[in-house]
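As structure tokens, the structure follows; a few thoughts come after it.
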Ligand code: BDP
């Protein structure tokens with residue numbers, strides 16, 4: 002073996018043998034592997050001129066210094082004037098004369114308040130890189146983007162690269178409780194340690210801020226939508242202030258959830274009626290108090306009259322009256338109210354699919370300008386696959402904010418490898434036809450279809466205090482994807498997966514090819530072995546872990562899986578066409594046409610919209626029952642094969658994370674078999690048709706699966 006080859010093999014071994022715990026996320030800044038690229042980058046980027054003295058600019062300096070030290074293994078020299086080729090000049094036209102004088106005015110205009118320009122130019126005959134923004138935040142985003150270019154082996158732009166976010170609010174929603182439990186959290190306890198705040202600042206808060214800034218996230222709701230009013234008391238506002246102070250230099254605003262009954266819970270009032278002057282006054286004073294702690298407080302996220310939460314309807318007031326009361330109180334401080342459209346009621350016999358639309362569309366145009374309505378991607382609830390929510394396109398006079406779930410409540414929780422970018426993209430690219438062809442959900446939420454300037458996307462966070470933040474080592478990719486798509490929803494799932502893999506794991510081409518396929522197929526795979534053909538909401542009660550399609554005894558009809566699959570001797574599926582609930586009528590005619598006819602409906606959504614006979618002939622030639630079996634069996638078999646696929650990647654992955662994923666894929670396979678067996682056996686008990694002989698028989702009886710209990714499953 003040649004000396005250099007031997008050296009490389011040793012290096013590879015050392016790198017992979019050393020365990021990585023995942024704490025560094027996609028900001029590992031490991032040495033660039035390609036020697037030629039390394040040389041080229043070193044020539045182009047070796048010293049820094051950082052203008053401005055704000056906390057944000059100090060972070061820019063620190064990040065670029067750390068990034069270049071790790072990636073290029075050089076300590077960049079800090080300068081005031083460019084005296085050699087390869088100087089990075091970072092700043093704003095206001096803080097840096099060099100940027101002010103550079104020929105990038107038009108590009109800076111396009112960059113707006115938060116965007117940036119990266120380009121190469123000559124200053125004093127020296128070839129320099131400019132990282133410019135109109136604000137320090139813009140420069141920070143530019144610095145992270147610049148580092149990402151190096152991390153992902155991209156060329157440094159010779160011509161101006163301009164990037165501006167397509168959405169104004171790019172947020173995480175933490176469903177974190179004051180006792181540090183996390184609703185639907187699968188990565189340990191909440192990262193917010195309320196008990197030691199405000200005096201103890203955990204390093205995690207800072208690293209959380211860095212990670213978010215690196216992908217452009219600029220807002221965080223730190224408390225659960227199922228809200229506790231205690232967070233609005235002075236003792237807690239002190240703690241909120243401490244967090245806001247940490248997050249601010251990273252461009253992140255803090256938001257809180259407001260419990261609608263807070264005036265009664267902590268204010269001693271007898272009512273929380275939004276039209277009561279005493280209630281209005283209470284909120285005005287409370288909001289003023291919050292701003293005295295956090296002068297750039299973002300606003301409130303509100304879950305009202307949903308799943309037992311208090312709200313304006315308790316006083317026969319509308320959602321608009323509730324939201325507007327808070328909006329008026331917060332308007333003087335330029336805060337906003339994000340009002341959730343996730344509402345349904347057990348007293349309402351109408352198909353749950355229709356309820357939010359019925360409640361909200363009559364209110365279109367009634368909300369104050371500083372109110373956004375936050376709509377889940379689908380009408381039921383973050384299902385593994387849902388058609389887009391019919392509210393998108395139905396409220397042109399109201400800014401609608403997208404709510405995705407990053408935490409995998411219904412997509413394998415903490416144990417399945419499921420990359421969610423394809424799910425997010427599927428919704429964003431759906432055509433609502435609200436204003437004719439091309440009226441995609443993305444154009445509704447980015448404000449371009451209805452000329453809204455208040456725009457946003459939120460993701461329910463999957464972050465906890467596990468050492469690697471998200472539990473499953475691949476779950477970090479979903480946090481990453483949310484941020485990247487909130488910045489630019491035109492990015493493809495492929496690009497996002499590729500970036501994340503290179504930064505988080507390895508840039509070896511063999512690794513990338515296999516690992517990205519693993520990620521890109523993972524969501525469809527989960528659907529196949531858990532909720533094929535449009536089945537939905539057939540998971541276990543309360544913890545939502547695993548299959549339980551048989552459940553029929555819960556107090557609210559729409560909490561029961563049987564409500565959703567409606568399997569009977571004739572067939573299976575929810576008829577949402579004109580012969581059934583007619584939820585389909587909530588979509589535009591062109592959309593209805595795609596799904597209305599059982600013979601032409603996309604099979605992905607077949608059982609979402611139709612009650613279909615077991616003997617119905619599918620496109621494959623199989624009948625529906627056989628197709629259902631085929632989907633479950635094929636999915637579970639594919640889940641099995643992931644283990645061998647991962648095994649083939651061992652040479653490229655450090656030992657610790659390799660083992661973690663190996664063990665999790667083993668669990669995933671077992672759970673895929675569990676989904677398959679439990680669902681096939683249960684539906685067979687209704688269809689009375691045989692499981693095709695070519696498939697292995699489930700290894701337990703239906704009764705076995707029905708009696709499984711998980712009293713301590715996480716996330717409840
Ligand atoms: C459901 C979750 C529940 C949340 C609810 C919501 O199971 O824990 O409170 O969504 O979004 O999916 O409010």
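Numbering (our numbering), first residue to last: 2 to 717. Virtual Cβ for every residue (Gly too), placed ideally from N, Cα, C.
Between residue 382 and ligand 1, is there a pair consisting of the residue's CB and a ligand heavy atom that are separated by less than 7 angstroms?
The residue you call residue 382 lines up with position 381 of the chain shown. At least one heavy atom of ligand 1 is nearer than 7 angstroms to the Cβ of residue 382, so yes.
Taking DSSP's pairing of strands, which residues face residue 340 in a bridge?
On the chain shown, residue 340 is found 339 positions in, with the first residue counted as 1. Among the bridge pairs identified by DSSP, residue 340 is matched with 303, 374.
Quick check: is any heavy atom of ligand 1 less than 7 angstroms from the C-beta of residue 575?
Within the chain shown, numbered from 1, the residue matching residue 575 stands at position 574. No, ligand 1 has no heavy atom inside 7 angstroms of this Cβ.
Check the DSSP bridge columns for residue 614 and list the partner residues they point to.
Here the question's residue 614 lines up with position 613 in the chain shown. The bridge partners DSSP lists for residue 614 are 572.
Relative to the C-alpha of residue 26, which candidate in 629, 415, 194, 470 has its C-alpha closest?
Translated into positions along the chain shown, residue 26 becomes position 25. For residue 26, the nearest C-alpha among the options comes from 470.
Residue 129 bridges to which residues according to DSSP?
If you number the chain shown from 1, residue 129 lands on position 128. Under DSSP, residue 129 shares a beta bridge with 88, 122.
Whole-angstrom distance between residue 570 and residue 318, CA atom to CA atom
One-based indexing of the chain shown puts residue 318 at position 317. One-based indexing of the chain shown puts residue 570 at position 569. Using only the alpha carbons, I get a separation of about 44 angstroms.
Residue 5, buried or exposed, once every other Cβ within 10 Å from all chains shown has been counted against 16:
Here residue 5 is taken as the residue at index 4 of the chain shown, counted from 1. At residue 5 the pLDDT is 49, less than 50, meaning the model places this residue with poor confidence; the figure from the coordinates comes in the next sentence. So residue 5 counts as exposed.
Residue 371: CB within 7 angstroms of a non-hydrogen atom of ligand 1:
As a working mapping, residue 371 is identified with position 370 in the chain shown. Not one heavy atom of ligand 1 lies closer than 7 angstroms to the C-beta of residue 371.
Buried or exposed: which applies to residue 452, given that a residue is buried once 16 or more other Cβ atoms fall within 10 Å of its Cβ?
In the chain shown, the residue the question calls residue 452 occupies position 451. So residue 452 counts as exposed.
Taking only runs of the beta strand (DSSP E) that begin and end inside the stretch 128–186, which ones reach a length of at least 3 residues, in chain order?
As far as the stretch 128–186 is concerned, its whole beta strand (DSSP E) runs of at least 3 residues are 162–164, 170–174.
Within 7 angstroms: the Cβ of residue 307 and any heavy atom of ligand 1?
Translated into positions along the chain shown, residue 307 becomes position 306. Yes, the Cβ of residue 307 comes within 7 angstroms of a heavy atom of ligand 1.
What is the DSSP secondary structure of residue 48, reduced to helix, strand or coil?
The residue given as residue 48 occupies position 47 in the chain shown. In this structure, residue 48 counts as strand in the three-state DSSP scheme.
Here's a check: name, in chain order, each residue in its chain whose Cβ is nearer than 8 angstroms to the Cβ of residue 256, leaving out the five neighbours to either side.
As a position in the chain shown, residue 256 is number 255, starting the count at 1. Correct list, in chain order: 172, 220, 221, 222, 223, 298, 299, 300, 301, 302, 339.
Restricting to runs no shorter than 4 residues, where is the alpha helix (DSSP H) found entirely within the stretch 412–453?
Listed in chain order, they are 422–429, 442–446.
Backbone CA spacing between residue 558 and residue 150 [nearest angstrom]:
Residue 558 sits at position 557 when you count from the first residue of the chain shown. Residue 150 sits at position 149 when you count from the first residue of the chain shown. In this structure, the straight-line span from the alpha carbon of residue 558 to that of residue 150 is close to 51 angstroms.
Using CA coordinates, which residue listed in 188, 547, 500, 715 is at the minimum distance from residue 528?
By 1-based counting over the chain shown, the position of residue 528 is 527. For the residues 188, 547, 500, 715, the minimum Cα distance to residue 528 belongs to 547.
Comparing alpha-carbon positions, which option in 228, 42, 283, 473 lies nearest residue 663?
Taking the chain shown and counting its residues from 1, the one referred to as residue 663 is at position 662. Looking at the Cα atoms, 473 is the closest of the given residues.
Alpha-carbon spacing of residue 148 relative to residue 229, whole angstroms
For the purposes of this step, residue 148 is taken as the residue at position 147 of the chain shown. For the purposes of this step, residue 229 is taken as the residue at position 228 of the chain shown. When rounded, the distance between both Cα atoms is 40 angstroms.
Exposed or buried, what is residue 579 when buried is set at 16 or more other beta-carbons lying within 10 Å of its beta-carbon?
In the chain shown, residue 579 corresponds to position 578, counting from 1. Its Cβ having fewer than 16 others within 10 Å, residue 579 is exposed.
CA nearest to the CA of residue 169, picked from 511, 359, 53, 112
Here residue 169 refers to the residue found at position 168 of the chain shown. Distance from the Cα of residue 169 is smallest, within the candidate group 511, 359, 53, 112, for 112.
Among residues of its own chain, excluding the 5 on either side of residue 55, which ones have a beta-carbon nearer than 8 angstroms to its beta-carbon?
As a working note, residue 55 is residue 54 in the chain shown. For residue 55, where only same-chain residues beyond five positions count, the Cβ hits under 8 angstroms are 137, 250.
Quick check: residue 140 and residue 92, are their CB atoms within less than 8 angstroms of each other?
As a working mapping, residue 140 is identified with position 139 in the chain shown. As a working mapping, residue 92 is identified with position 91 in the chain shown. Cβ distance < 8 angstroms, so residue 140 and residue 92 count as in contact.
Report yes or no: do the stretch 486–499 and the stretch 426–434 share at least 3 C-beta pairs separated by less than 8 angstroms?
Taking 8 angstroms as the limit for Cβ pairs, the verdict is that the stretch 426–434 does touch the stretch 486–499.
Within the present structure, is the beta-carbon of residue 436 separated from the nearest heavy atom of ligand 1 by less than 7 angstroms?
Numbered from 1 along the chain shown, position 435 holds the residue referred to as residue 436. A distance criterion of 7 angstroms places the beta-carbon of residue 436 beyond contact range of ligand 1, judged by its closest non-hydrogen atom.
What three-state label does DSSP hand residue 380 in the structure shown?
Translated into positions along the chain shown, residue 380 becomes position 379. Collapsing the DSSP output to three states places residue 380 in coil.
I want to check one thing, is the minimum distance from the CB of residue 184 to the heavy atoms of ligand 1 below 7 angstroms?
To locate residue 184, count along the chain shown from 1; it is residue 183. In terms of side-chain proximity, the C-beta atom of residue 184 is found nearer than 7 angstroms to a non-hydrogen atom of ligand 1.
Whose C-beta lies closer than 6 angstroms to the C-beta of residue 639 among residues of the same chain, with five residues either side of it excluded?
As a position in the chain shown, residue 639 is number 638, starting the count at 1. The residues are 526.
Does the Cβ of residue 335 have 16 or more other Cβ atoms within 10 Å, making it buried, or fewer, making it exposed?
Numbered from 1 along the chain shown, position 334 holds the residue referred to as residue 335. With fewer than 16 other Cβ atoms within 10 Å, it is exposed.
Do you know whose CA, among 144, 328, 698, lies nearest residue 680's CA?
Numbered from its first residue, the chain shown carries residue 680 at position 679. The residue with the shortest Cα to Cα distance from residue 680 is 698.
What ranges does the alpha helix (DSSP H) occupy inside the stretch 527–606, keeping only unbroken runs of at least 4 residues that lie completely in it?
With a minimum length of 4 residues, the continuous alpha helix (DSSP H) runs that stay inside the stretch 527–606 are 562–566, 590–596.
Three Cβ pairs or more, each shorter than 8 angstroms: is that satisfied between the stretch 340–360 and the stretch 433–443?
Short answer: they don't touch.
Determine the burial state of residue 196: buried for a count of at least 16 other Cβ atoms within 10 Å of its Cβ, exposed for fewer.
Counting from one through the chain shown, the residue named residue 196 turns up at place 195. Exposed: under 16 other Cβ atoms inside 10 Å.
Could you tell me whether the stretch 33–50 touches the stretch 65–75, using the rule of 3 or more Cβ pairs below 8 angstroms?
They touch, by the three-pair rule.
Cutoff 6 angstroms; reference residue 487; Cβ partners in own chain excluding five residues on either side:
The residue you call residue 487 lines up with position 486 of the chain shown. Excluding sequence neighbours, residue 487 sits near 168, 171, 458.
Starting from residue 402, follow the beta strand (DSSP E) in both directions and report where the run begins and ends.
Your numbering for residue 402 matches position 401 in the chain shown. Note, residue 402: beta strand (DSSP E), 401–406.
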